[in-house]
Amino acid sequence: MFKRSCMKKLNLFAGCWLLLAACQAPVSGEKEKDSVAVTDSTELVDTLPADSVTVIPADTAVIVDSTLVPGRWLQPVQGIDSVMQGFNLRKNGKAESVNMHSRLYDKWKLQQDTLLLWSHAEGDKEPVTEIDTLVIKMLNDTSLVVFPTNAAPGYLEKYTRKKGSRKGK
């Protein structure tokens, strides 16, 4: 019995000593090494391809010119490049779907670099309002590139402005 008690105490002491030794700070002179390699994400940015989806770093900050947001923004329907779909953003904050019959856009709002689009599903007995949150990654007079916040990191959607629709009514 005495032997068993001593063994338990010895094991407990050894375990505490091992735990204490593992928690000690590194000896001065030893350099700590970071286990995560940091790379320059600007090297990953390339030109945007002609299709509507591309991958670039999501940490790129964009200053959005709010006067460029209103308009008719379109992208090819996936698998049918000859058919375009998207949305028409009016200056008064109203939004309309273009060639999207199951999802109808109602309104939009710009908050810094984030475009919020309210929509509802057509044909539902009790329509549920959804809000798409799109972080603007690039915007000019003819192109809009956004990151949907519910998408995989790095996924982007590219829209082009239909000519003659800059005013957005």
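With mature numbering (1 follows the signal peptide of the UniProt record, and there is no 0) as the guide, the letters of the sequence shown map in order to residues -21 to -1, 1 to 148.
Glycine included, each C-beta is placed from N, C-alpha and C at the ideal position.
Query	Result
Have a look at the DSSP bridge pairing and note the partners of residue 65.	53, 77
Quick check on this structure: which residue in 89, 113, 61 has the alpha carbon closest to the alpha carbon of residue 46?	89
Could you tell me whether the Cβ atoms of residue 96 and residue 113 are closer together than 8 angstroms?	yes
With which residues is residue 124 paired in a DSSP beta bridge?	117, 137
Is DSSP giving residue 35 helix, strand or coil here?	In this prediction, residue 35 scores a pLDDT of 48, lower than 50, which makes its location untrustworthy; the coordinate-derived value is nonetheless stated afterwards. Reduced to three states, the DSSP call for residue 35 is coil.
Three-state secondary structure (DSSP) at residue 46?	helix
Can you tell which of 59, 51, 41, 43 has the C-alpha that lies nearest to the C-alpha of residue 141?	51
Pick out whichever of 128, 126, 41, 122 has its Cα sitting closest to the Cα of residue 138.	122
With a CB to CB cut of under 8 angstroms and the five nearest residues on each side skipped, what residues in its chain are close to residue 44?	118
Starting from residue 85, trace the beta strand (DSSP E) both ways and give me its first and last residue.	82 to 90
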